[in-house]
Amino acid sequence: MPDAMTAALADFETHRPDLTRLAYRILGSRADADDVLQEAYLRWSNADVSAVRTPRAFLSTIVTRLSIDRRREIDARKETYIGPWLPEPVVESEVNRQSTDLAESVSLALMHVLETLSPVERAAYLLRKIFDYDYAEIAETLEKSETNCRQLVSRAEAHVHAERPRFTASREATRRMSERFLAACATGELTGIVQLLSDDIVIFSDGGGKATAAVRPVVGVNHVSRFLQGISRKAHANASYRHVLVNGEPGIAVFHDAALVNIIGFDLVDEQIRRIYFIRNPDKLARAQAELLSQ
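Take 1 as the starting number for the sequence shown in full-length UniProt numbering and just add one per residue.
Below, the structure is given as structure tokens:
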């Protein structure tokens, strides 16, 4: 029995990276993903694993179903949340990058679009488009027919395509744009800022009522440029900036003294900034700060 238990727990650890990615991408919260993984671990350790033919499928099913339930709780919390809700970011240093698959494949921009899907649509879309499950596997995981799962994925895909440009910028282009953005905001020169922005620019600023942030999206070139100009004028005397990777894409970390106060992410189209994401809620920055300071 001890040997069987040891082997079962080793199986779980083998699949933990994929399970963590799955939970985080459904939930948009690293803390909630950790909770789901802990519950999945307990269920696996108490299961009759000798009857499990495919540990990967069994564990993925547990994590997906737990994540859907937890996602419903998150959606309920969003109803009373102050201002826009953005996913908790996965932030890495560009210089001392630690290899973490959690940040790969799903950008902050796509994670934000996924926030508008239902929990089941989100799970179906991710299982199919990101994790490459076939529809039979998705149907078994979600306890739905294959036809229903195809419809879920189709609706989600149509929504994602409507919200996001077909061609996204390369990492190099986003890095260059983040440098230009930082330089323009540092000078506060309005013309320089305007040149970076697409006509349909929107800023989403997530403070959660715990940090200063715009409680509504800032829309349009005029409003956005003046908003950024105002921020530059009010810049903290001891502010410092660090180029980082935000969910695998170039972004900016803003520190006041040693405290991380903002993570800035971008979504580009045709060499212009289409979306800017300010994540200022300290609850969503705590892990990023700890990880950046340790790198």
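No residue lacks a Cβ here, since even glycine has one placed at the ideal position from N, Cα and C.
Owing to the predicted nature of the structure, the values given are computational and were not obtained by experimental measurement.
DSSP bridge partner residues for residue i (one or two, in chain order)
i    : result
H243 : I252
E92  : L245
D206 : I279
V63  : The partner list for V63 (beta bridge, DSSP) is empty, contrary to what the question assumes.
V218 : I203
Beta strand (DSSP E) segment containing residue i, residue limits
i    : result
A259 : A259 to V269
I273 : Q272 to I279
Length of the line joining the Cα atoms of residue i and residue j
i           : j    : result
S29         : E179 : 28 Å
A249        : T174 : Looking at the sequence provided, one finds Glu at residue 249 rather than Ala. The straight-line gap from Cα to Cα measures roughly 7 Å.
V36         : P119 : 15 Å
L293        : I252 : 15 Å
T20         : D34  : 7 Å
F266        : I273 : 7 Å
A184        : V215 : 24 Å
residue 310 : L260 : In this structure the chain extends from 1 to 295, so residue 310 is not present and cannot be described.
P87         : R53  : 35 Å
residue 299 : V224 : This structure cannot speak to residue 299, because the chain is shown only from 1 to 295.
residue 312 : A8   : Any answer about residue 312 is impossible in this case: the structure gives the chain only from 1 up to 295.
I279        : G207 : 7 Å
K234        : T212 : 12 Å
I68         : V218 : 31 Å
E140        : R242 : 45 Å
Q151        : G188 : 48 Å
A286        : P89  : 10 Å
H159        : T6   : 44 Å
Start and end residues, alpha helix (DSSP H) containing residue i
i    : result
L114 : L108 to L114
Y125 : P119 to Y125
Q229 : V221 to R233
L196 : From DSSP, L196 is part of no alpha helix (DSSP H); its letter is neither H nor E.
R164 : No alpha helix (DSSP H) contains R164, which DSSP labels as neither H nor E.
D179 : With the sequence shown as reference, residue 179 is identified as Glu, and Asp is not the correct amino acid for it. Its alpha helix (DSSP H) spans residues R171 to T187.
Going along the chain, which unbroken runs of the alpha helix (DSSP H) with 4 or more residues stay wholly within the region 33-60? Counting only runs of at least 4 residues, the region 33-60 fully encloses no alpha helix (DSSP H) element at all.
Give, in chain order, every unbroken run of the alpha helix (DSSP H) that is at least 4 residues long and sits entirely within the region 123-152. 135-142
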